[in-house]
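Chains as they are written, first to last, in my numbering: chain A, 1 to 399; chain B, 1001 to 1369. All residues carry an ideal CB built from backbone N, CA and C; glycine is no exception. The next block holds one structure in the form of structure tokens; read it before the comments.
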């Protein structure tokens, strides 16, 4: 009887039981993955260096409308906090942060700190200008106000080669600094081409696997899975051995007299496409194989008996039913390719580096985690769109 | 034989057709069969008897290893399935899951270049024929098993094929639905004058539907004939046992005189039977007798065979009862009675049957599945 209270309590306990089983995994994922990722990503939209090293200056700058120079009362506050931050050892952080936006801000902060510690007065803008004339530039103060936090568009705009003018309008950065739009577009292009190549190469393979008798299909399936059992690094270096100028392929072609000079097969875009397509191919074949296995061969016989030739039967009956699997495989390959980093670094040239390389650079080399986080956010956005598109596609075309 | 096919005018003709897979025993061997236009022919047999292989060879999905299949006198050899203009209904419907009912039925029209209003009219007509009007927008997974099979039927009929091939089309349905669809298939076949080749392992279905039945066993055609001929005059013990129910009593021929013979069975009982084929004294035979031909009671009107037996079991079937009786020698005979049977186990009873209803076949002359 569902009505009895003890029965209901029992049912509630049973409902919770599966969750209790997966709770350790959920906690592990939250603690080891979700929370750190969110904390990292939040650095892309927040500014805390200035606010933590110079809290009262940050407070004062936030209250200013950004036109011209701020109220002069901010000068003694700033002077006191510059000296205080240097004593506490925090000056380095805020000097680096200001230097991201205005090159030279780092030396400005240190020179001012030196002068203030040497006893220079700092009660007015005129006092500061005597230490360094840059303190009288409105742009310097606007830059500091934009860095006062707590939220900032600075990193996201910088990731798109944009910045806020002192007047608060979005403008392009100088052409020689504009690199990220190119890198992002290149990343999407390489990923799209690799997904397409995987689809063209993988569809016939999946079809073969799904239609061959198991006696032949099983060994072939193992061959498809084989790349999974070697590390991406090993597979990529294998391509270096095969494709380099003195490599196996060029050696064979020259030895056979087909070409005179070695073909440039690696350390360029071609090498990136070849190596990434190879590494990612199983991710397309497996979901597609699964979908193709679910299509009854009798359907193809039925199509044939109803008058459809092999081509018409394939285009009208088989292909439409495999599209969800193809889309799933291509989305997986595309999203994995977006994050690729080792392969382009090893087999690509300077003009083939992808955005993950920049993220790694900011994370490991310059410790500019704000930029790393902002670039990651820009990568995540299309990922979300792809997943949404995939779900939509899966709904409209029944498997 | 209600519709005897005449040589030379056969609509479909199998001539010496054989199918061998990878050097194994032939799946179909020495098949000669003719189907007349407008005829409903059923291939009946247990699984593995070659009936589905025969159908698939006609549809073009399998090529004969030997022999020839002709449609209207022209050989079908080398003609791919999509050029044969045959409507095939498969056991598991084989509807296209990504298309709704309307597009499924319109599919054979589309590949023939029939589109637009003309196609729409034909689809509507076909759906009305199978009582599915108004369900055109449904997807196959939103239909019941019976509805799916109706869609498959409509799809196989809409392009006016030369012949309709049905491979156990009702096998996946429950009994009541199966019987209802049998009636409808027969009605549609009569109305449109369709030629149908139908495959089933259900002998009752074959008897209900067919103009002629071809009984298969072990890859060979055992007998072809009208349902009545197959049921009443089986040519061998396999057909006698497979079509309808039959009691089999094994024994030895002791005397043969013209159209009857005498057989001794276990317990030294002697019975009179009608021999099928050449039988001589000393031959091992199986005497068959259908349950409805076994009479019950002491007041039998001079039957040829009369035995006293003992009740083993009585089963109540509503409109009739079945009694399993044991003869003194231990052989079991099942009989069917329309009357109420008030007998308990081990009670004695008298059973008997006429020699005309008791057919004797030589043992080992035909395959046993």
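Closest to residue 1127 of chain B by CA distance: which of B:1146, B:1150 and B:1117 is it? B:1150
Any beta carbon of chain A sitting closer than 9 Å to that of residue 1084 of chain B? yes
Under 8 Å by Cβ, that's how I've got residue 1030 of chain B and residue 1220 of chain B pegged, so tell me the actual separation to the nearest angstrom. 6 Å
Restricting to Cα atoms, I'd like to know which of B:1338, B:1306, B:1053 and B:1015 is closest to residue 1066 of chain B. B:1015
Closest to residue 1292 of chain B by CA distance: which of B:1362, B:1055, B:1335 and B:1033 is it? B:1335
For residue 1361 of chain B: DSSP bridge partner residues: B:1286
Report the neighbours of residue 1081 of chain B on chain A: residues whose CB is nearer than 8 Å to its CB, in chain order. 301, 304 and 305
Who are the Cβ neighbours of residue 348 of chain A in its own chain at under 6 Å, not counting the five residues just before and after it? 272
Going by DSSP in three states, residue 136 of chain A sits in which element: helix, strand or coil? helix
Within-9 Å CB hit, residue 392 of chain A to chain B: no
Cβ of residue 1097 of chain B less than 9 Å from any chain A Cβ? yes
Do the CB positions of residue 1307 of chain B and residue 1271 of chain B come within less than 9 Å of each other? yes
Quick check on residue 1122 of chain B: buried or exposed, where buried means 16 or more other Cβ atoms within 10 Å of its Cβ? buried
Please list the residues of the region 320-352 of chain A that have a C-beta atom closer than 7 Å to any C-beta atom in chain B, keeping them in chain order. 320 and 321
Would you call the CB atoms of residue 1184 of chain B and residue 1131 of chain B closer than 9 Å? yes
First and last residue of the alpha helix (DSSP H) that includes residue 1104 of chain B? 1101-1111
Using only the alpha-carbon positions, how far apart do residue 23 of chain A and residue 39 of chain A sit? 22 Å
Does any C-beta atom of chain B lie closer than 9 Å to the C-beta of residue 210 of chain A? no
Buried or exposed: which applies to residue 229 of chain A, given that a residue is buried once 16 or more other Cβ atoms fall within 10 Å of its Cβ? exposed
Other residues of its chain near residue 1064 of chain B: CB distance less than 7 Å, five sequence neighbours each side excluded: 1017, 1018, 1019 and 1057
Residue closest to residue 325 of chain A, alpha-carbon to alpha-carbon, out of A:34, A:291, A:193 and A:145: A:291
Distance, Cα to Cα, residue 88 of chain A vs residue 53 of chain A? 9 Å
Residue from B:1267, B:1226 and B:1341 with nearest C-alpha to residue 1041 of chain B: B:1226
The beta strand (DSSP E) with residue 1225 of chain B in it runs from where to where? 1220-1225
Counting only the same chain and skipping the five closest in sequence on each side, list residues whose C-beta sits under 7 Å from that of residue 1209 of chain B. 1040, 1042, 1182, 1185, 1186 and 1198
Of all the residues that make up the region 1100-1123 of chain B, which are near chain A by a beta-carbon distance shorter than 7 Å? 1107, 1108, 1111 and 1112
Taking the straight line between their C-alpha atoms, what separation do you get for residue 1352 of chain B and residue 1313 of chain B? 18 Å
Tell me the residue span of the beta strand (DSSP E) that contains residue 225 of chain A. Segment 214-225 is the alpha helix (DSSP H) holding residue 225 of chain A; no beta strand (DSSP E) there.
Check whether the Cβ atoms of residue 1026 of chain B and residue 1089 of chain B sit closer than 9 Å, and answer yes or no. no
Beta-carbon of residue 206 of chain A versus every beta-carbon of chain B: anything under 9 Å? no
Kindly say whether residue 1361 of chain B, judged by its beta-carbon, lies nearer than 9 Å to any beta-carbon of chain A. no
Between residue 1188 of chain B and the rest of its own chain, which residues show a CB-CB distance below 8 Å, the 5 nearest in sequence each way excluded? 1129, 1130, 1153, 1157 and 1194
Do we get a CB-CB distance below 9 Å when we pair residue 317 of chain A with the residues of chain B? yes
Output the boundary residues of the beta strand (DSSP E) element that contains residue 1353 of chain B. 1348-1353
Taking CB distances under 9 Å as the criterion, tell me whether residue 310 of chain A reaches chain B. yes
So, is the C-beta of residue 291 of chain A closer than 9 Å to a C-beta in chain B? no
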